[in-house]
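Throughout the sequence shown, residue numbering follows the working numbering, covering 31 to 553 in sequence.
Everything on this sheet refers to the single structure shown next.
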Amino acid sequence: MLHAGIQLLRGRSSAPRKPKEEPSGLIAQEFRRYVQNEIPVRFIDPSAMKFVKREDVFSVFQEDIAKIGDDEIDKRASRRGWEHQHIYVYQRQVVLKELMHQTIKYVVFSHRWHADGEPTFQDISSGKQRKIVGFDKLKRYCQKAKALGYRLIWSDTCCIDKTNSAELCEAVQAMYKWYANAYLCIVHLADSTKSSDFGREEWFTRGWTLQELLAPKRVKFYNKDWYSFTSVANDKEDAAILSALYHTTGIPEAAIIADNSNGIRSQSVWEIMSWASKRKTTRIEDIAYSLIGLFGVHLTIAYGEGETAFSRLVEAIMHRKARWDIFAWVGQASAYHAAIPSSPACYPPFEPLSAGKSVGVKNFSMTSDGLRLLSLPLIPVKFVLGSVGIGGTCTAVLQPTPSPEFQVQFGTITVTCGRQRLRRLGEAENLAICILNYEAKSGKGKVAVGKEYICFLLHSDEPQDPYSDKPAWSKLSTEDLVRIHCQGLRTQTASDSSTSNASQEPSAGEDRFLIALKHVYIE
């Protein structure tokens, strides 16, 4: 019936077209697809404070949908360089999706949940309005959205039936998309009067609000008294607000205003994780679930799994984004695997110069034997010195040992760690370094004289051939990133000559060296 209703609203085509390309049919098809897959399960009518279900969305926008005609479709197709005589069905679908997004306009809400309580799905369903701060906030939100001309709003507090596990799982997985497809995101900053207060605003410390800032194309900030910070319709277009957001979050302005509807595409894993590193969530699993959309991955929702959720997220990211900097972390390892961090808090401030797109381990995967990666040969190292500083911070100095399999010479390594780790390093006999951000070239790895590299510090309980495919190595956690400095080509001895790796040859003016790559397994 919905299909037929839209056909009647569309009227007749202004030019003869093939039946399979009938615009009215495509409009009906795209409307159904968009409503069922791209927007929330239900909304609130801000005028009546009552729910509007997905199946009732058409009645809200039927007059607007009726205005979608062939001329508008052809005009938008022409802007994309498609001539209307040769527009294929899939191209019309692209245009219609854009039109649906601009026709079915809804507002989403971003805020810090109040300890006094928030209105629930059951509250709105029953029409009861409890005397809590959250209800007053919802009313103000409705008033602002209505004043701006919007007919549908959505709030995470009450538009999800959290007693329905299937609905909750769908909402968590689709949340990023819902914010991205919203025409506007209204943000209430309950601790701020002006933008200079952002540094003390709790909203910027919460896990879910990261995607609520980045996913929507348009954001409007309101202060504690519900006054707008600016006079513009979209605060992502205000230079002062963008500057305040950058200085508060560390997120570049270009990333804030980018089209992030399909996730964050231009930034590295390390950089995105660093944005989340200082944020907190009430449920430990939400540390991972709140990042699903940012990385564009799918993750089964399983509340109760605890820190395993973040381990699964990291592994999902490995499959989607084969970038070495997912390993640029420090501190506590996951219980799942020593090469996976326990949370985003393990990622230190991002270093652009260390994380170029053309560098680093790209061939890696989690297997039944552990982490398998294609890297430069491991560099054997030995413990030289340990010290305990002020406040109990421990420092270990490691010295690379000569190896006939590795002709490049590296400097000493300083590692910051805890007392227990210092003791273990002092007792260890089998330590090695795995360089992560070498430059890949022609199937080999390239290192440059004078350059510093980020590494894994590895340990084996048994004497091992550092270049064996046996999964005998374990990653040791440290309090800061492990770095090693390339000093140049090591002077060869007579014993080196017979076993030298012929691929380790100087290139580009004797300051860079190409080295054959080898598989390494880390348990």
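Each residue gets a CB set at the ideal place from its N, CA and C atoms; glycine is no exception.
**Report entry** Between the CA atoms of Val138 and Asp255 - distance to the nearest angstrom
**Finding:** 19 Å
Query raised in the report: Curious, which full-length beta strand (DSSP E) runs of at least 3 residues does the segment 129-165 contain?
Result: 137-140
Query raised in the report: Between which two residues does the beta strand (DSSP E) containing Met396 stretch?
Result: Phe394 to Thr397
Requested in this report: With distances taken Cα to Cα, identify the nearest neighbour of Gln121 among Thr133, Ile134, Ile103 and Gln132.
Outcome: Ile103
Report task. Report yes if the C-beta distance between Leu511 and Leu488 is below 8 Å; otherwise report no. Result -> no
Report task. Have a look at Ser298 and Asp355 and give me their C-alpha separation to the nearest angstrom. Result -> 7 Å
Query raised in the report: Would Pro430 be called buried (16 or more neighbouring beta carbons within 10 Å of its own) or exposed?
Result: buried
**Report entry** Supposed close pair Lys310, Thr235 - CB separation, criterion 8 Å
**Finding:** 6 Å
Requested in this report: Please work out which residues of its chain come closer than 6 Å, Cβ to Cβ, to Glu482, disregarding the five sequence neighbours upstream and downstream, and give them in chain order.
Outcome: Arg513 and His515
Query - Rounded separation between Ser527 and Arg353 - CA only - result: Annotation note: pLDDT 49 at Ser527 (below 50); position unreliable, coordinate value reported separately. Using only the alpha carbons, I get a separation of about 35 Å.
**Report entry** Distance between Lys207 and Ile370 (C-alpha atoms, nearest Å)
**Finding:** 27 Å
Query raised in the report: Expressed to the nearest angstrom, what Euclidean distance is found between the alpha-carbon atoms of Phe81 and Val87?
Result: 11 Å
Requested in this report: Determine the contact status of Gly164 and Thr187, defining contact as a CB-CB distance below 8 Å.
Outcome: yes
Query raised in the report: Does the distance from the CB of Cys464 to the CB of Val550 come in under 8 Å?
Result: yes
Report task. Since I believe Phe380 is in contact with Ser304 (beta carbons under 8 Å), could you give me their beta-carbon distance rounded to a whole number of angstroms? Result -> 4 Å
Requested in this report: Starting from the Cα of Thr150, find the closest Cα among Ile190, Ile183, Lys176 and Lys135 and give me that residue.
Outcome: Ile190
Query - Burial state of Leu32, where buried means 16 or more other Cβ atoms lie within 10 Å - result: Only weak support is given to the placement of Leu32: the predicted model assigns it a pLDDT of 36, under 50, and the value that follows is read from those uncertain coordinates. By the neighbour-count rule (16 or more Cβ atoms within 10 Å), Leu32 is not buried but exposed.
Query raised in the report: So which of Phe251, Cys215, Leu404 and Ala245 has the shortest CA-CA distance to Phe228?
Result: Phe251
Requested in this report: Tell me whether Ala568 sits in a helix, a strand or coil according to DSSP, three-state version.
Outcome: The chain is shown only over 31 to 553; residue 568 falls outside these bounds and no answer can be derived.
**Report entry** Close beta carbons around Thr239, own chain, < 7 Å, minus the five adjacent residues each side
**Finding:** Ser140 and Trp233
Query raised in the report: Between the beta-carbon of Lys474 and the beta-carbon of Ile545, is there less than 8 Å?
Result: yes
Query - Delimiting residues of the alpha helix (DSSP H) encompassing Gln450 - result: Arg449 to Glu457
Report task. Grab me the residues of Ile287's own chain with a C-beta within less than 6 Å of its C-beta, minus the 5 sequence neighbours each way, in chain order. Result -> Lys266
Query raised in the report: Quick one: any contact between the segment 170-185 and the segment 67-77, if contact means 3 or more CB pairs under 8 Å?
Result: yes
Query raised in the report: Taking the DSSP output, what are the residues bridged to Thr330?
Result: Answer is none; Thr330 lacks a bridge partner.
Query raised in the report: Where Arg449 and Gln362 are concerned, what is the direct C-alpha to C-alpha distance, given to the nearest angstrom?
Result: 14 Å
Query - Secondary structure of Tyr483, DSSP reduced to three states - result: strand
Query raised in the report: Ordered along the chain, which non-local residues of its own chain (more than five positions away) have a Cβ less than 6 Å from that of Pro374?
Result: Met303, Ala306 and Ser307
Report task. Going by DSSP, name the residue or residues bridged to Trp503. Result -> Ile552
**Report entry** Span of the beta strand (DSSP E), counted from its first residue to its last, around Lys476
**Finding:** Lys474 to Ala478
Requested in this report: Give the straight-line distance between the Cα atoms of Phe357 and Arg402, rounded to the nearest whole angstrom.
Outcome: 13 Å
Requested in this report: Classify Cys188 as helix, strand or coil using the three-state DSSP reduction.
Outcome: coil
Query - Backbone CA spacing between Ala245 and Leu404 [nearest angstrom] - result: 34 Å
Report task. Going by CA-CA distance only, name the one from Ala175, Leu343, Ala274 and Asp268 that's closest to Ser225. Result -> Ala274
Report task. Spell out the partners DSSP gives Cys172 in its beta bridges. Result -> In DSSP, Cys172 forms no bridge with anything.
Report task. Please classify Ile271: is it buried, with 16 or more other beta-carbons within 10 angstroms of its beta-carbon, or exposed? Result -> buried
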